[in-house]
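K.L.:
Just dropping this structure here.
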Amino acid sequence: MTDLRIAQALRDATTQLAQVSDTARLDAEVLMAVVLGVSRSDLLLRHMAADVPGGFAELVARRMTQEPVAYITGEQEFYGRPFRVNRDVLIPRGDSEAIVEAALAAAPTPRRVLDCGTGSGALLLTVLAERPEAHGVGIDRSEGALAVAQDNAVRLGLADRALMLRRDWDEQGWAEGLTQFDLILANPPYVEENADISQSVRGFEPGGALFAGPAGLDAYRVLLPQLVPVLADKGIAVVEIGAAQADLVGAIARNAGFDVQLTRDLGGRPRALTLRFGLGKAE
13 MTDLRIAQAL RDATTQLAQV SDTARLDAEV LMAVVLGVSR SDLLLRHMAA
63 DVPGGFAELV ARRMTQEPVA YITGEQEFYG RPFRVNRDVL IPRGDSEAIV
113 EAALAAAPTP RRVLDCGTGS GALLLTVLAE RPEAHGVGID RSEGALAVAQ
163 DNAVRLGLAD RALMLRRDWD EQGWAEGLTQ FDLILANPPY VEENADISQS
213 VRGFEPGGAL FAGPAGLDAY RVLLPQLVPV LADKGIAVVE IGAAQADLVG
263 AIARNAGFDV QLTRDLGGRP RALTLRFGLG KAE
């Protein structure tokens, strides 16, 4: 039995994790709080002199492999709400909150919302939570992802307004029975196959939700034209893009008949395209 105190264990873990993480101290504190079953603020205020609980070293060892903290803890905050995550889904990023902001600005009173590639359900469920009059459908080709999204809908008290369906826009007839929506959200795969990305992403997050051909555009080429029949007249679609893809994805959208408006994230990077039809739907 060790007499090591939490304060020292955090210092030691921070030194260790600095080899693999730019947020080593934060990582150590989050992992310790999880083991203790308390909030990070409670840890810092009340538990620094306590004995180190069992299991902390194992979590640090997992982080040393560059496994993301969110997968270790099983949770990630998005738009101020906790979302359960595992390796079936991408970890929601703060940059993607720009999608929600753009969607709520462009469609302030949505009634029917479709989320294409829902993953954890973060985009869809956030919009539904912000707009209590709205109902929505989340589609994904991954059964594992749909299970996570459904669990998050239950946890957030939104299960009565959110339906999760197994659909794949690469399959003919995927949109049958979906009717039309006045707001469509999409965060499709958009990373280039040979992109230089960190091991914490490439080694742990689901490749099928990340990679989309040599230029990262394959999913847009397939999906965007297929949004036309499921988008209601005067409806809005908001699509996440990579920081260097605004012109290329914008061209794909315009070829499908959409007008295009760019939204940047808090870092000033291109992050979302808002798509709409200027004078009714294109034929």
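The sequence shown begins at 13 in this note's numbering and counts up one residue at a time. Quick reminder that beta carbons are idealized off the backbone N, C-alpha and C, glycines included.
Answer yes if the region 249-262 comes into contact with the region 71-91, meaning at least three C-beta pairs across the two stretches below 8 Å, and no otherwise.
P.N.:
These segments do not touch.
K.L.:
Which same chain residues, not among the five before or five after residue 208, have their C-beta less than 7 Å away from its C-beta?
P.N.:
Residue 208 sits at position 196 when you count from the first residue of the sequence shown. There are no such residues.
K.L.:
What residue does the beta strand (DSSP E) around residue 75 start on, and which one ends it?
P.N.:
On the sequence shown, position 63 is the one that residue 75 refers to. Unbroken run through residue 75 is the alpha helix (DSSP H), 68-76; no beta strand (DSSP E).
K.L.:
Output needed for residue 212: all residues of its chain with C-beta closer than 6 Å, excluding positions within five of it in sequence on either side, in chain order.
P.N.:
If you number the sequence shown from 1, residue 212 lands on position 200. Here the set comprises 78, 80.
K.L.:
So is residue 185 buried or exposed if we call it buried at 16+ other beta carbons inside 10 Å?
P.N.:
Here residue 185 refers to the residue found at position 173 when the sequence shown is read from its first residue. Exposed is the call here.
K.L.:
Are there 16 or more other CB atoms within 10 angstroms of the CB of residue 96, so buried, or fewer, so exposed?
P.N.:
In the sequence shown, residue 96 corresponds to position 84, counting from 1. That one is buried.
K.L.:
What is the residue span of the beta strand (DSSP E) that residue 283 lies within?
P.N.:
Taking the sequence shown and counting its residues from 1, one reaches residue 283 at position 271. First-last of the beta strand (DSSP E) with residue 283: 282-288.
K.L.:
Below 8 Å on the Cβ atoms is my guess for residue 148 versus residue 126; work out the distance and round it to an integer in Å.
P.N.:
Within the sequence shown, the letter at position 136 stands for residue 148. Within the sequence shown, the letter at position 114 stands for residue 126. Rounded, the Cβ-Cβ distance is 7 Å, consistent with contact.
K.L.:
Using 10 angstroms around the beta-carbon of residue 120, count the other beta-carbons present and answer buried if the total reaches 16, otherwise exposed.
P.N.:
Taking the first residue of the sequence shown as position 1, residue 120 is located at position 108. Flag for residue 120 reads exposed.
K.L.:
Can you grab the Cα-Cα spacing for the pair residue 273 / residue 214, in whole Å?
P.N.:
Indexing the sequence shown from 1 puts residue 273 at position 261. Indexing the sequence shown from 1 puts residue 214 at position 202. Looking at the two C-alpha atoms, the distance is approximately 30 Å.
K.L.:
For the candidate residues 34, 31, 58, whose alpha-carbon lies nearest to that of residue 44?
P.N.:
By one-based count along the sequence shown, residue 44 stands at place 32. Of 34, 31, 58, the residue nearest in Cα terms is 58.
K.L.:
With DSSP collapsed to three states, give me the class of residue 177.
P.N.:
Here residue 177 refers to the residue found at position 165 of the sequence shown. In the structure shown, residue 177 sits in a strand (DSSP, three-state: E or B).
K.L.:
From the DSSP output, which residues share a beta bridge with residue 94?
P.N.:
As a first step, residue 94 must be located in the sequence shown, where it is residue number 82. Looking at the DSSP assignment, residue 94 forms a beta bridge with 89.
K.L.:
Out of 154, 54, 195, 17, which has the shortest C-alpha to C-alpha gap to residue 181?
P.N.:
The count along the sequence shown starts at 1 and reaches residue 181 at position 169. It is 154.
K.L.:
To the nearest angstrom, report how far apart residue 16 and residue 23 are at their CA atoms.
P.N.:
Working through the sequence shown from its first residue, we reach residue 16 at position 4. Working through the sequence shown from its first residue, we reach residue 23 at position 11. When rounded, the distance between both Cα atoms is 11 Å.
K.L.:
Of the choices 50, 52, 42, whose alpha-carbon is the least far from that of residue 82?
P.N.:
Counting from one through the sequence shown, the residue named residue 82 turns up at place 70. Residue 82 has its Cα closest to that of 42, out of 50, 52, 42.
K.L.:
From residue 35 to residue 88, what does the alpha carbon distance come to, in whole angstroms?
P.N.:
Numbered from its first residue, the sequence shown carries residue 35 at position 23. Numbered from its first residue, the sequence shown carries residue 88 at position 76. Between residue 35 and residue 88, the C-alpha separation is close to 15 Å.
K.L.:
Would you be able to state if there are at least three C-beta pairs under 8 Å between the region 259-268 and the region 224-244?
P.N.:
With the cut-off at 8 Å, the region 224-244 and the region 259-268 touch.
K.L.:
Between the C-alpha atoms of residue 178 and residue 222, what's the straight-line distance to the nearest angstrom?
P.N.:
Mapped onto the sequence shown, residue 178 falls at position 166. Mapped onto the sequence shown, residue 222 falls at position 210. Approximately 18 Å, taken between the alpha carbons.
K.L.:
For residue 102, report the span of its beta strand (DSSP E) as first-last.
P.N.:
To locate residue 102, count along the sequence shown from 1; it is residue 90. From DSSP, residue 102 is part of no beta strand (DSSP E); its letter is neither H nor E.
K.L.:
So, at 7 Å on beta carbons, what are the nonlocal neighbours of residue 68 in its own chain, with the 5 sequence-adjacent residues on each side left out?
P.N.:
For the purposes of this step, residue 68 is taken as residue 56 along the sequence shown, with counting starting at 1. Around residue 68: 21, 43, 44, 47.
K.L.:
Cα separation between residue 246 and residue 150?
P.N.:
Here residue 246 corresponds to residue number 234 of the sequence shown, with the count starting at 1. Here residue 150 corresponds to residue number 138 of the sequence shown, with the count starting at 1. Approximately 21 Å between the Cα atoms of the pair.
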